[in-house]
Amino acid sequence: MSANENKNRSAALIVGAVGVVFGDIGTSPLYALKETFAGHHPIAVEPASILGVLSLIFWTVMVLVTLKYVAIIMRADNRGEGGSLALLARVTELTRNSRATWFVTMLGIFAAALFYGDSMITPAISVLSAVEGLDVVAPQLKDYVLPITIVVLTGLFWMQRHGTAPLGMLFGPVLCLWFVVLAVLGVISIVQAPQVLLALNPVYAAEFLANNPWQSFLALGAIFLSVTGGEALYADMGHFGKFPIRVAWFAFVLPALVLNYYGQGALLLKSPTAIQSPFYLLAPGWALIPMVVLATAATVIASQAVISGAFSVARQAVQLGYLPRMQIVHTSHMEAGQIYVPFTNWTLYLAVIALVLGFQSSSNLAAAYGIAVAGTMLISTILVSFVVLLAWRWNPWFALPLLGVLLLIDAVFFSANALKIGQGGWFALVMGLASFTTLTTWRRGRHLLFKEMGNLTMPLDQFIRSIENASLKQVSSTAVYLTSRPEGAPSALLHNIKHNEVLHARNVLVTVLTAEIPYVVDADRIEIVDLGHSFYRVLVRYGFMEQPDIPQALVTCGTKGLAFDLDKTSFFLSREVVVPKLAPPMMLWRELFFIWMLRNAQSATDFFRIPTNRVVELGTLVEI
């Protein structure tokens, strides 16, 4: 690749990162400063408070986003991938066989669960805050805000099934325009009140905290809105890489955000009554309608990034064994990361519409926003601490004070947001707890099911010896048995021998394993073991970002000496019918919930892309 091609590719990645990674945090100026002064805990709009709040916003962004995410957490990638579950997989490797494993696993699962709460609130508050600009354009348009918001959100979620590739090309340029407009409006306002730049001095933040301890603590819940979306820098790292994200942040996004926040502050210094909508009132009257359109487009893009992130987390959770198999549709033949998960999509849609109708305004939604993100950020700091101390082996005299300060800051912001539980924060927590219960119930139920299935089978070597002298009819084709337990004889094999008294000329036991890495290289994908007596064990490994494809894996086996003719291959699958025991090992309602999820999981045939006309399913009754 030539130097020019490298430059063009880097530029494209930087623009793409602006469009996807920074959409959420980039639309925070729509509501963050307004909510701080005019939200549920209003602050007097006076010079000392304005400078103090602006200073807190600036240093919050610098510490939580620039220092923690850009400088530290983005280094803790899992083979190039980021996100809560990717970080969990990395930490689990470091703490394996230790008492900390259970603790970090629960934290990682809860962080993923909180993300779902965040992914419901982000589209609602972002789009609603943008459309509310119509009220500034003309107060008589206020009644149209909710209907227009619902129409925009409905179109956004409906579009997911068709893929985002066509619109994706517009994301970067539109968000680039958005950040340019943020910066320009901010500079124009700052020029008229340059004293606002004094707030870059952290002394103003310290004085605001010292002079108004309780009021400033309450304000931290709203100030935190300025960094919501910062976690996307790590979550989306696998799509663009560290360098483009860091360049986009330092050279473009960070300056634009700071200039706009300080421009709003300058406006408030001149006209405190502008607090009703400091973002839109930065623009001249003739530009209000174009600003509403641009803001709506920017918030749609920000919402799209969150929705795509929810799809990615759902796929990771399925692969890592935290969710049942579900339909995953690939919407692009070029990009493996572009997927559509129908169940996740429409669940999010219903929750988002309920939020818009229930809370009615972005100010009310702001009370629900923040606690999920604050919780995720706190957990991320705890998890990355294991990486810092166990993998990087930083000097404890340096690492522990640094991590302690970051944990303290995260804890303070989480506590401030916890005060908003009664005002709407309960929604994010309820959704997070519901998601956590779902993830842990499936994980626990699956463990119990595998344990019980192990009790119903026999060791594979014992089974092979037992059929050596059996009078079984042999057929010339190949039988493939999918089994989650490579060491035992699959129940489908046992039932086939028992009921049909047939043994195929070649019997292949296939086990799909999910590695705790995003992608598995082709050289490590397949492992074949000749068990003798026409039996073979095939282990197929996938990363948690990959979609299993059994027929393609069998074709690959040909390069390792085990060739398949798929037209002469039958696939035997076991379908477990689970019933609860009289004294189940977990609470009855959780057991019934697990059974319901198992019954409604996507079939193994579809999930593993097995030709339906080659599949034989054999049922097994299991009590857990």
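With the first letter of the sequence shown counted as 1, position 542 gets the number 1763 in this note's numbering; the numbers rise by one all the way through. Note that beta-carbon positions come from the ideal geometry of N, C-alpha and C, so glycine has one too. Since the model is a prediction, treat every value here as computed from it, not as a measurement.
- For F1464, there is no enclosing beta strand (DSSP E); the residue is part of the alpha helix (DSSP H) that begins and ends at K1463 to A1469.
- In this structure, the CA atom of M1818 is about 7 Å from the CA atom of P1545.
- Contact between the stretch 1624-1631 and the stretch 1327-1341 is not established, with fewer than three Cβ pairs separated by less than 8 Å.
- Minimum Cα-Cα distance from Y1455 among the listed residues I1831, E1256, V1312 and G1301 corresponds to G1301.
- Measuring C-alpha to C-alpha distances from V1729 to each of L1306, F1792 and M1458 identifies F1792 as the nearest.
- For L1478, the closest of P1250, I1771 and W1435 by C-alpha to C-alpha distance is P1250.
- Looking at V1759, H1261, D1751 and Q1485, the one whose alpha-carbon comes closest to that of Y1702 is V1759.
- By the Cβ neighbour-count rule, G1247 is buried, with 16 or more other Cβ atoms within 10 Å of its own.
- Runs of the beta strand (DSSP E) lying entirely within the stretch 1486-1555 and spanning at least 3 residues: none are present.
- For H1725, the three-state secondary structure derived from DSSP is strand.
- Within the same chain, Cβ atoms closer than 7 Å to the Cβ of N1717 are found at V1723, F1793 and L1839, the five residues on either side in sequence being excluded.
- Rounded to whole angstroms, M1512 and L1571 show a C-alpha spacing of 28 Å.
- When the beta-carbon positions are compared, V1799 and F1815 come within less than 9 Å of each other.
- In the DSSP assignment, E1838 is bridged to L1794.
- The secondary-structure analysis by DSSP pairs L1730 across a beta bridge with Y1702 and R1758.
- Of all alpha-carbon atoms in G1237, T1326 and A1233, the one lying nearest the alpha-carbon of S1601 is that of T1326.
- Restricted to the stretch 1637-1686, the alpha helix (DSSP H) segments that are unbroken, complete and at least 4 residues in length are 1647-1677, listed in chain order.
- Taken through DSSP and simplified to helix, strand or coil, T1735 comes out as strand.
- For G1753, there is no enclosing alpha helix (DSSP H); the enclosing beta strand (DSSP E) has its first and last residue at I1747 to G1753.
- Straight-line spacing of the CA atoms in E1428 and A1265 works out to 15 Å.
- Around the CB of K1255, 16 or more other CB atoms lie within 10 Å, so the residue is classed as buried.
- Around the beta carbon of I1749, fewer than 16 other beta carbons lie within 10 angstroms, which makes this residue exposed.
- Straight-line spacing of the CA atoms in L1502 and P1493 works out to 12 Å.
- V1521 and A1345 have their C-alpha atoms spaced approximately 10 Å apart.
- A straight line joining the alpha-carbon of N1566 with that of Q1537 spans about 15 Å.
- The shortest C-alpha to C-alpha distance from T1777 to any of R1762, L1349 and K1789 is the one to R1762.
- N1690 carries a coil assignment under DSSP once its states are collapsed to helix, strand and coil.
- Per DSSP, the continuous alpha helix (DSSP H) segment holding R1811 begins and ends at L1809 to N1821.
- Taking R1706 as reference, the option from S1698, L1677 and A1238 with the minimal CA-CA separation is L1677.
- In the DSSP annotation of this structure, D1298 is not part of any alpha helix (DSSP H), being labelled neither H nor E.
- Using a 10 angstroms sphere on the CB of E1844, the tally of other CB atoms stays under 16, which defines it as exposed.
- S1305 sits in a helix when the DSSP states are folded into three classes.
- A direct Cα-to-Cα measurement between A1269 and L1349 gives close to 30 Å.
- The count of Cβ pairs closer than 8 Å, one atom from the stretch 1651-1670 and one from the stretch 1463-1474, stays below three, leaving the stretches out of contact.
- Here G1782 is exposed: its Cβ has fewer than 16 other Cβ atoms, across all protein chains shown, within 10 Å.
- Taking a cut-off of 8 Å on C-beta distances, the stretch 1438-1447 touches the stretch 1581-1595, as three or more cross pairs fall below it.
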